[in-house]
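Participant: Protein chains in written order, with the working numbering: chain A, 10 to 117; chain B, 799 to 911.
Just so it is clear, CB atoms sit at the ideal spot from N, CA and C, and this is done for glycine as well.
Keep in mind it's a predicted model, so treat the numbers as computed, not measured.
I have a structure I would like to understand better, so I am pasting it below and will then ask my questions one at a time.
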Amino acid sequence: AQRVTQPEKLLSVFKGAPVELKCNYSYSGSPELFWYVQYSRQRLQLLLRHISRESIKGFTADLNKGETSFHLKKPFAQEEDSAMYYCALNSGNTPLVFGKGTRLSVIA
Amino acid sequence: NAGVTQTPKFQVLKTGQSMTLQCAQDMNHNSMYWYRQDPGMGLRLIYYSASEGTTDKGEVPNGYNVSRLNKREFSLRLESAAPSQTSVYFCASRGEGQGGEQYFGPGTRLTVT
Numbered sequence: 010a011q012r013v014t015q016p017e018k019l020l021s022v023f024k025g026a027p028v029e030l031k032c033n034y035s036y037s038g039s040p041e042l043f044w045y046v047q048y049s050r051q052r053l054q055l056l057l058r059h060i061s062r063e064s065i066k067g068f069t070a071d072l073n074k075g076e077t078s079f080h081l082k083k084p085f086a087q088e089e090d091s092a093m094y095y096c097a098l099n100s101g102n103t104p105l106v107f108g109k110g111t112r113l114s115v116i117a
Numbered sequence: 799n800a801g802v803t804q805t806p807k808f809q810v811l812k813t814g815q816s817m818t819l820q821c822a823q824d825m826n827h828n829s830m831y832w833y834r835q836d837p838g839m840g841l842r843l844i845y846y847s848a849s850e851g852t853t854d855k856g857e858v859p860n861g862y863n864v865s866r867l868n869k870r871e872f873s874l875r876l877e878s879a880a881p882s883q884t885s886v887y888f889c890a891s892r893g894e895g896q897g898g899e900q901y902f903g904p905g906t907r908l909t910v911t
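The following block contains the structure:
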């Protein structure tokens with residue numbers, strides 16, 4: 010069965026410190042992975058997808074098929090990065106599978 | 799384009815009352831979804847519709863019904879609201895193909911007393 014695991018419910022870092030939000034997936038096929046972000050009391054919005062290999066707001070994520078991971082990283086956290094982050098897996102013609110989310114809190 | 803819209807934004811119900819949450823998308827997407835979001839539980843899929851005329855149960859369908867009225871609209875109905883259904887409800891739609899982004903609505907904050 011497809012599964013996405015985000016082991017940390019809450020991650021607190023100081024402003025300027027590096028950030029790594031962990032995401033591991035379970036899927037036997039070729040995965041398609043996404044990171045979504047939800048700022049306070051707003052809708053979820055796409056942050057980045059692995060096929061684009063892009064950097065958005067300083068965040069990057071690399072798909073590691075060997076470790077079945079898609080961790081989200083940023084070298085220097087900013088206060089405006091405080092939000093809820095969801096990792097999601099597309100396994101074909103079925104709904105996206107979402108992790109439980111990690112709340113990032115950046116402390117000034 | 800408005801994207802995904804939801805009404806109402808807020809609602810308070812008494813136990814046993816019924817209501818329908820409305821959702822519409824203007825991106826010509828085939829797939830539409832209803833989620834609920836609770837603290838510590840993340841997003842949980844209630845129902846989804848892969849195409850006009852079809853609906854399927856998600857992870858937590860009990861107590862809910864859905865209607866895919868046409869390609870644009872997908873409504874969620876609570877027939878007899880319970881306090882356990884207090885939550886934030888999000889509608890979403892997604893395009894087909896690789897990299898198909900899923901777009902979310904602004905959410906409906908429902909309280910059942």
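Who pairs with Leu-113/A in a beta bridge, going by DSSP?
Facilitator: Within the first sequence, the letter at position 104 stands for residue 113/A. According to DSSP, which records beta bridges pairwise, Leu-113/A is partnered with Leu-20/A and Ala-92/A.
Participant: List, in order along the chain, the chain B residues whose C-beta lies closer than 8 Å to that of Lys-110/A?
Facilitator: Here residue 110/A refers to the residue found at position 101 when the first sequence is read from its first residue. The sequence given here places Gly at residue 110/A; Lys does not occur at that position. Going along chain B in sequence order, the residues near Gly-110/A (Cβ under 8 Å) are Gly-840 and Leu-841.
Participant: Determine the burial state of Glu-41/A: buried for a count of at least 16 other Cβ atoms within 10 Å of its Cβ, exposed for fewer.
Facilitator: Locating residue 41/A in the first sequence gives position 32, counting from the first residue. Classification of Glu-41/A: buried, given that the 10 Å Cβ count is 16 or more.
Participant: In angstroms, rounded to a whole number, what distance separates the CA positions of Val-802/B and Gln-809/B?
Facilitator: On the second sequence, position 4 is the one that residue 802/B refers to. On the second sequence, position 11 is the one that residue 809/B refers to. Going from the Cα of Val-802/B to the Cα of Gln-809/B covers about 19 Å.
Participant: I'd like to know whether the C-beta of Tyr-831/B is nearer than 8 Å to at least one C-beta of chain A.
Facilitator: Here the question's residue 831/B lines up with position 33 in the second sequence. Interface residue, yes.
Participant: Who are the near neighbours of Val-858/B in its chain, counting only those whose CB is closer than 8 Å to its CB and skipping five residues on each side?
Facilitator: For the purposes of this step, residue 858/B is taken as the residue at position 60 of the second sequence. Once the five neighbours on either side are set aside, the close Cβ partners of Val-858/B are Arg-834, Arg-842, Leu-843 and Ile-844.
Participant: Pair every Cβ in the stretch 109-116 of chain A with every Cβ in the stretch 864-875 of chain B, then say whether three or more of these pairs are closer than 8 Å.
Facilitator: no
Participant: Going by the beta-carbon positions, is the gap between Phe-107/A and Gly-898/B smaller than 8 Å?
Facilitator: The sequence position of residue 107/A within the first sequence is 98, counting from 1. The sequence position of residue 898/B within the second sequence is 100, counting from 1. For Phe-107/A and Gly-898/B, no; Cβs fall outside 8 Å.
Participant: Can you confirm whether Leu-105/A, when its beta carbon is compared against all beta carbons of chain B, has any partner nearer than 8 Å?
Facilitator: Taking the first residue of the first sequence as 1, we reach residue 105/A at position 96. Using a CB distance cut-off of 8 Å, Leu-105/A counts as an interface residue toward chain B.
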